[in-house]
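Residue numbers (numbering that gives the first Met the number 0), protein chains in the order written: chain G, 0 to 374; chain E, 0 to 310.
For every residue, glycine included, the Cβ atom is placed at its ideal position computed from N, Cα and C.
Heads up, the thing below is written out as structure tokens.
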Amino acid sequence: MISIIIKEIKHNFRDKRAITLMIAFPLLLMVILGVVFNGQFASNGIDFSGAKVIYSAKEDGNLHKGFKEFAHELEEMNIIFEQIENEDDAIKKIQDDLYTCYISLDENSKELNIYKNNKRNTTASFIEGMLATFVQRYNLVSQIIEVNPNSIDEIMNKDIKNDYVKIVSIDEKKQARAIDYYGITMLTLIIMYSVNAGIFSIQGEQTIKTGDRIIGTPINKYKVFLGKVLGAFAVTAIQISIVILFSTKILGVNWGNDIVTILIIIITQIIMCISIGVGIGFLVSSQEVGNGVISAIIPLLVFLGGGYYPLERIGSDLLFKISIISPIRWINDSIFNVIYLNDYKYVSSTVVFNIVISFVFLLLANMKYRRREEI
Amino acid sequence: MQIVKIQGLTKKFGDLIAVDNVSLEIEQGEIYSLLGPNGAGKSTIINIISGLLKMNKGEVEILGKNIIKHSNYVKKNMGIVPQDIAIYEDLTAYENVKFFTTLYGIKGEELKRKTTEALEFVGLNDKSDKFPKSFSGGMKRRLNIACAIAHRPKLIIMDEPTVGIDPQSRNHILESVRKLNKLGCTIIYTTHYMEEVEAISTKIGIIDHGKLIAEGNKEELKAIVTDRQAIYITVNDSEKVNINELKKINGVVDVTVDGNVVEIDNKKEINNWDKIITYFYSNSIPVKNIESKVPNLETVFLTLTGRKLRD
């Protein structure tokens, strides 16, 4: 099996076209798009200034008081807070894309709910992250006061704003520039093309007739199957590592502080793409047919995933709803949220979804493989 | 010792019966040639023996073991030279042979030695670090063979290994077949080149429409047509020759025209040469040469099937 993996690596690294596509092409795109769209990103980055938030508070109390302080701190970042009485009106305004999010406070139940505007997902997620910090802090203060009511002054004199900022790290350096945005989206785009590596690993052997020769040897056919999948994965992983390294060291793309989580997302995306490729490799009659299918679908999925341009900036509600079908969107959202918002809520679902899709396609491939006529 | 034993082998593709109840036996040390035109069923039989196709009926034993129950053992002891050149253009000659040899479980120093020996055997040792894309068709065919023999199989199956190559490379391959045989390998060789079969075979099976229609060594097969003779008449203008008129002459079985040569399949016991020559004289067709030959395998095939090998 090792010899099959090594052979796959040799094939791919001796194929100048594959190398150009998988390494040079994404780096070139990062640079070109990073430069072309620099103005649009650099001036406002993922810029939260001007974002409008509405909130309602059923009664006045400590929660409302604390929230007002929280709002005041965010207003210094030019995020506008407006109070509203009617919850239905508030939700309607969110649906009409007039506000980024709506926060409802319930003093009795000490509950705080947030309704996000999906079209302004990044900003809404940012505010959600800030709010989570506020809630944590509020709960902590409440508990301390319960135990030691005299400590309230000391606690309130702390620099609250600094705490928020520290946790969500919304400093200038961490705002996404065009190169940061395209550094990630071009990488996730090019990983999608590793579907081709999966297709090639299966169809390529049939095209040059070596597949039959391999079947004529005593090697277990499942070792061949596994060797091919692992080989294609290893090849893509090496290529992508080069792209990440180059984009970080030379282009200065920001991959955030938690590279392990980012890598987990990327690795599962590679596994998913290779598995889809292997599945297609067994389902279609020739490599050309497989590549044709991929060439038609991938650009669409990448567009819906905001790979070429952030979808929320286009402002179409329909497009935003449709974009949920694109795995690129889940992946990009997860990565951006981890890097810029320290928000991990999409990570597990994205990883699980990638693995589930991989499993489905590998299962399909395995079924087709078993039905082949050879002994 | 029996190396191959096939009994009642049948393979259908839909309504088409590609192999029809074929039974044959091959002894150790034989070069067994399967002779037949394209589509006769040779490659289907080879693909079944190689494990690439399942049979519909029958039983195949290699080295005394059933190929389905003991496929691992059988495959370990078998080398397949496929009809299509099956090598990787982006791996060097050495890497190609080494890769396929590892699939037989051979490792380390033994792997290196056997890879080098296989390349030496086919005369490509000086090209071991070169990529096949720079090779001629003949060299690729030789590499195709090296990939199949490095693990030292007891049975080597060669499916039309000389298709589309120059005479020099063909001779090199035929010589390799003889050398492998001398080293103790049993060989199954399929081809539709009659002259190759005549040159190397110890036993021949003639296949047509999926059936084994005759089997034996060259002499045994030619004995089938001892009552025939082939007369080759070279003329200036073959367009004037009326084949149907010639066929009316008593004793003439068949007439074919190839360029300016008129080939007459004639019954030996009937003395009709005077009538044949008279035909050419009376139709003002100048005759440049007349030659009579003993039957060859082509004649045997023509007699048995009513058509030429390369029809």
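Exercise. For a contact meaning CB atoms closer than 9 angstroms, what does R16 of chain G contact in chain E?
Worked result: Correct list: empty, because the minimum Cβ distance to chain E is about 11 angstroms.
For this session: Output yes or no for whether 8 angstroms exceeds the beta carbon distance between I284 of chain E and K247 of chain E.
Result: Cβ distance not < 8 angstroms, so I284 of chain E and K247 of chain E don't count as in contact.
Exercise. Alpha carbon to alpha carbon, how far is K222 of chain G from G183 of chain E?
Worked result: 32 angstroms
Exercise. Are the CB atoms of R212 of chain G and P81 of chain E nearer to each other than 8 angstroms?
Worked result: yes
For this session: Ignore the nearest five residues each way along the sequence and tell me which others in L34 of chain E's own chain have a CB closer than 6 angstroms to its CB.
Result: Within its own chain, the residues whose Cβ lies closer than 6 angstroms to the Cβ of L34 of chain E, once the five positions on either side in sequence are excluded, are V196, I203 and I205, listed in chain order.
Exercise. Going along chain G in order, which residues have a C-beta closer than 7 angstroms to the C-beta of S49 of chain E?
Worked result: G215
Problem set entry | Proximity of E24 of chain E and K10 of chain E at Cβ, strictly below 8 angstroms | no
Exercise. Closer than 8 angstroms, CB to CB, is Y278 of chain E near chain G or not?
Worked result: Not a single C-beta of chain G is nearer than 8 angstroms to the C-beta of Y278 of chain E.
Exercise. Is it buried or exposed for D179 of chain G, if we count other Cβ within 10 angstroms and need 16 for buried?
Worked result: buried
For this session: Can you give me the start and stop residues for the alpha helix (DSSP H) that I258 of chain G sits inside?
Result: Here the alpha helix (DSSP H) through I258 of chain G covers I258 to L282.
Exercise. Along chain E, which residues have their Cβ under 9 angstroms away from the Cβ of K367 of chain G?
Worked result: Here the premise fails: no neighbours, minimum Cβ distance about 16 angstroms.
Exercise. In three-state DSSP terms, what is T161 of chain E?
Worked result: coil
For this session: Have a look at G:K227, G:I330, G:S240 and G:W254 and flag the residue whose alpha-carbon is nearest the alpha-carbon of Q268 of chain G.
Result: Checking every option, the nearest Cα to that of Q268 of chain G belongs to G:I330.
Problem set entry | Three-state secondary structure (DSSP) of I18 of chain G | helix
Exercise. Alpha carbon to alpha carbon, how far is L311 of chain E from N265 of chain E?
Worked result: The structure shown does not extend to residue 311 of chain E, since chain E is modelled only from 0 to 310, so the question has no answer here.
For this session: Run the CB neighbour count on S48 of chain G, radius 10 Å, all protein chains shown included, and call it buried at 16 or more, exposed below.
Result: exposed
Exercise. Using CA coordinates, which residue listed in G:Y307, G:L229, G:S325 and G:E106 is at the minimum distance from E58 of chain G?
Worked result: G:E106
Exercise. What does T206 of chain G reach in chain E if we use C-beta pairs closer than 9 angstroms?
Worked result: By Cβ distance, chain E contributes nothing, its closest Cβ being about 10 angstroms from T206 of chain G, past 9 angstroms.
Exercise. From T161 of chain E to L225 of chain G, what does the alpha carbon distance come to, in whole angstroms?
Worked result: 35 angstroms
Exercise. Any idea which residues DSSP pairs C100 of chain G with across the strands?
Worked result: According to DSSP, C100 of chain G bridges with G:V52 and G:K115.
For this session: At 7 angstroms on the CB atoms, spell out the chain G contacts of N65 of chain E, in chain order.
Result: Chain G residues near N65 of chain E: none, gap ~11 angstroms exceeds 7 angstroms.
Exercise. Quick one: does T121 of chain G have its CB under 8 angstroms from some CB of chain E?
Worked result: With 8 angstroms as the cut-off, T121 of chain G does not count as an interface residue toward chain E.
Exercise. Mind checking whether L318 of chain G and L310 of chain G have CB atoms under 8 angstroms apart?
Worked result: Pairing L318 of chain G with L310 of chain G gives a Cβ-Cβ distance under 8 angstroms.
Exercise. Counting pairs of beta carbons, one from the region 99-114 of chain G and one from the region 125-142 of chain G, are three or more of them closer than 8 angstroms?
Worked result: yes
For this session: Inspect the beta-carbon positions of A196 of chain G and Y339 of chain G and report whether they are closer than 8 angstroms.
Result: no
Problem set entry | Rounded separation between T114 of chain E and I86 of chain E - CA only | CA-CA distance, T114 of chain E to I86 of chain E, rounds to 15 angstroms.
For this session: At 9 angstroms on the CB atoms, spell out the chain E contacts of S2 of chain G, in chain order.
Result: K97, F98, T101 and L102
Exercise. Closest Cβ-Cβ distance between N71 of chain E and chain G: below 8 angstroms?
Worked result: yes
For this session: Indicate whether the contact test is met: 3 or more Cβ pairs, each with one atom in the region 183-193 of chain E and one in the region 150-159 of chain E, closer than 8 angstroms.
Result: yes
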